[in-house]
Every structure is written in C-alpha cells, then in structure tokens.
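Asks: In the UniProt record's numbering, the protein residues as written are 1 to 293.
Positions of the beta carbon are idealized from the N, C-alpha and C atoms, including for glycine.
The structure displayed is predicted, hence computed values, not measured ones.
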C-alpha cells in the first residue's frame, strides 16, 4: 500500500534525523575523543594542565593573572599581558575588547559603573602602571602624565573653521588639572561628567606630547590579545621585568634571564608569529629555582 505523500515526507525527515544523530552526535564526537587520546595529543586534549605537588596550578595554553586579592601585581612573579576575557583569562568569556584606533574619548558620567575608558586611556594607564612597577619610562605618545589619553575637544566659531572659542581636555574630569594649560592661546578646561563634547561640536584633537617614539613599555604589556587567553608575553616585556623579579627573590639577574631564555619559544614553523615567553611555566621554574623569601 502506498503511503500518503505527507507521511512519506515525514518518515524521510525522521530517518535523516536519526542518521545524522548517530553520525554527528555519537560517532563524530567519539572519533575526536579517540584522536585526542593518541600519544602526543593526549596532553593538549586534557588542557595541557600543569601540576605542582599533585595540585593543578593552571594550563600552559591559557594565561592567568599573578595578582593579589586586590588585583595588584605580585612583584616576585612575571606579569602576564592584559586580558579582556571576562574578569581576565576566563575561557567561558573569551573575546577581544572590540575597541579600535578611533577609541580615544572616555565616557565620563561621574558614576564608576557607567563610565568607560577608551582604548587610548586603557593603554596609557597600563603603560604608566608598568613603568612604575618595573622602574622604566612609562610614557607613551598621546598620553598625559597621569595616565589618560591626551585628547582635546576644540570648538571653533564656524564649526570646523574659524577662531578657537573653547578647548576641553575630554579625558580629565574636574577637578583634575588639564595636561596643557592653554591651546593656541585659549585656556583649556577640564571635562565635566555627563557632557558629550563631540556631540556638542568639539573637534577631537589628540596631542602627541614629548614621549619617545619607541616606548620602553612594549605593546603586549598594554593591550589585550584577540582571545583574551594568551599565555605568552613578548621577550621584550619579559626583559623589563627581570630586574624586579630578581630583586624580589634575591636572585642573580643573569640567572633569571637564563630562565627567561629557556622558556622562550620561537616562531611557529620558523616564520609565523613572534617569539613568546610562557608566563606560567616561567613562574613555576622561578619558584623551583629561587623560592620567594
């Protein structure tokens, strides 16, 4: 007996669901699990976990912060690069900050929860903090001495042209003192929270300042990676931390530099990417070679 057309279509759809459930819901996952158990791959499949005295301390593939309960860097450890994944290195919230080169104006509302730093101010603040922690020059172009973006909103009589009538340091809220007193003869004001000076007609004007063209603090120390989980830092960032770590541990800086070199990996296949230093593995080696005093 020939089945009705509508019933034949439903039975065909049911068979397709069952076949793909078996193939993609059972066989494919099991095949991947089997591949992950092959020698040489099993460690990565398990997350490349690192253990000390039977205690899991982290993964060599996922970065982590080396800070105290208040979020301050622990001086005896090498510090990782910033992370935009959740509260930092959260694998369930892996993401970039989605801020680009044009993000130079902060959102100042007077409320810490609703205010937001621009990418420029984040970079400036981080560079200043790293400079103070590691005793290097933390200045960067387009940054103020107090660690925010050096950006002015310049108002002109005829919109984009004409004489300057008003200048506001948009990332420095009153009562902070603007990073420059005057701009082309006009007194510079501190910003007032809740004002959108760009919407009010101000022309965004970043000011380079006198910072060196090549900052002492490298870029990976002040910017987050695309995934927010990068376990590596650049050799340049590791180098500026050597003196601090050696001092805190009472170690010879040359010995610490040797450990950094031992935990530096080269470019993938010899030409892709950049050399990197695995921060967790380096800090574990430090704890073994130079226990904290």
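#1: Excluding sequence positions up to five away, which residues of its chain have a Cβ less than 7 Å from the Cβ of residue 257?
#2: Please report how far the alpha carbon of residue 158 lies from the alpha carbon of residue 102, in whole angstroms.
#3: Round the Cβ separation of residue 118 and residue 108 to the nearest angstrom and send it over; I've been treating them as touching at under 8 Å.
#4: When the Cα atoms are used, what is the spatial distance from residue 15 to residue 25?
#5: If you drop the 5 nearest sequence neighbours on each side, which residues of the same chain put their C-beta closer than 6 Å to that of residue 251?
#6: Return the CA-CA distance between residue 152 and residue 209, expressed in angstroms with no decimal places.
#7: For the region 256-272 against the region 123-142, are there 3 or more C-beta pairs whose distance is under 8 Å?
#8: Sorted by chain position, which residues of the same chain lie with C-beta nearer than 7 Å to residue 94's C-beta, five sequence neighbours on each side aside?
#9: Using only the alpha-carbon positions, how far apart do residue 164 and residue 184 sit?
#10: Residues in its own chain within less than 6 Å of residue 176 by CB, not counting five upstream and five downstream?
#11: Give a yes or no on whether the C-beta atoms belonging to residue 145 and residue 179 are separated by under 8 Å.
#12: Going by DSSP, name the residue or residues bridged to residue 72.
#13: Which two residues bound the contiguous alpha helix (DSSP H) that contains residue 287?
#14: What's the gap between the Cα of residue 128 and the Cα of residue 216?
#15: Quick one: what's got a C-beta closer than 7 Å to residue 70's C-beta in the same chain, skipping five residues either side?
#16: Residue 140 to residue 62, Cα distance in whole Å?
#17: Please report how far the alpha carbon of residue 133 lies from the alpha carbon of residue 19, in whole angstroms.
#18: Check the C-beta distance from residue 148 over to residue 166 and give it rounded, since I have them as a contact under 8 Å.
#19: Under 8 Å between the Cβ atoms of residue 233 and residue 76?
#20: Around the C-beta of residue 29, are 16 or more other C-beta atoms found within 10 angstroms, so that it is buried, or is it exposed?
#21: Can you look up residue 18 in the DSSP assignment and give me helix, strand or coil?
Replies: Working from what's here:
#1: Position 257 of the chain shown, counted from the first residue, corresponds to residue 257. The residues are 242.
#2: For the purposes of this step, residue 158 is taken as the residue at position 158 of the chain shown. For the purposes of this step, residue 102 is taken as the residue at position 102 of the chain shown. Between residue 158 and residue 102, the C-alpha separation is close to 24 Å.
#3: As a position in the chain shown, residue 118 is number 118, starting the count at 1. As a position in the chain shown, residue 108 is number 108, starting the count at 1. The Cβ separation is near 10 Å, so there is no contact.
#4: Start at 1 with the first residue of the chain shown, and residue 15 comes out as number 15. Start at 1 with the first residue of the chain shown, and residue 25 comes out as number 25. Each residue's alpha carbon lies about 15 Å from the other.
#5: For the purposes of this step, residue 251 is identified with residue 251 of the chain shown, where counting begins at 1. The answer, listed in chain order, is 290.
#6: Mapped onto the chain shown, residue 152 falls at position 152. Mapped onto the chain shown, residue 209 falls at position 209. Each residue's Cα considered, the two are about 12 Å apart.
#7: The answer is no - the region 123-142 does not touch the region 256-272, with fewer than three Cβ pairs under 8 Å.
#8: Residue numbering aside, residue 94 sits at position 94 when the chain shown is read from its first letter. Around residue 94: 85, 227, 228, 229.
#9: For the purposes of this step, residue 164 is taken as residue 164 along the chain shown, with counting starting at 1. For the purposes of this step, residue 184 is taken as residue 184 along the chain shown, with counting starting at 1. Taking the straight line from one Cα to the other gives about 8 Å.
#10: Looking up residue 176 in the chain shown gives position 176. Excluding sequence neighbours, residue 176 sits near 190.
#11: Mapped onto the chain shown, residue 145 falls at position 145. Mapped onto the chain shown, residue 179 falls at position 179. Yes, the pair counts as a contact, with Cβ atoms nearer than the cut-off.
#12: Counting from one through the chain shown, the residue named residue 72 turns up at place 72. Residue 72 pairs with nothing; no bridge assigned.
#13: What you label residue 287 is simply residue 287 of the chain shown in a count that begins at 1. It spans 279-289 - the alpha helix (DSSP H) in which residue 287 sits, taken as one unbroken run.
#14: In the chain shown, residue 128 corresponds to position 128, counting from 1. In the chain shown, residue 216 corresponds to position 216, counting from 1. Distance from the CA atom of residue 128 to the CA atom of residue 216, rounded to whole angstroms, is 11 Å.
#15: Residue numbering aside, residue 70 sits at position 70 when the chain shown is read from its first letter. Cβ within range, chain order: n/a, list empty.
#16: For this step, residue 140 is matched to residue 140 along the chain shown. For this step, residue 62 is matched to residue 62 along the chain shown. Those two C-alpha atoms are separated by around 29 Å.
#17: As a first step, residue 133 must be located in the chain shown, where it is residue number 133. As a first step, residue 19 must be located in the chain shown, where it is residue number 19. Going by the C-alpha atoms only, they are around 60 Å apart.
#18: Indexing the chain shown from 1 puts residue 148 at position 148. Indexing the chain shown from 1 puts residue 166 at position 166. In fact, because the Cβ distance is near 20 Å, the residues do not count as touching under 8 Å.
#19: The sequence position of residue 233 within the chain shown is 233, counting from 1. The sequence position of residue 76 within the chain shown is 76, counting from 1. Contact flag unset, no.
#20: As a first step, residue 29 must be located in the chain shown, where it is residue number 29. Label assigned to residue 29: exposed.
#21: As a position in the chain shown, residue 18 is number 18, starting the count at 1. Looking at residue 18 - three-state DSSP - the assignment turns out to be helix.
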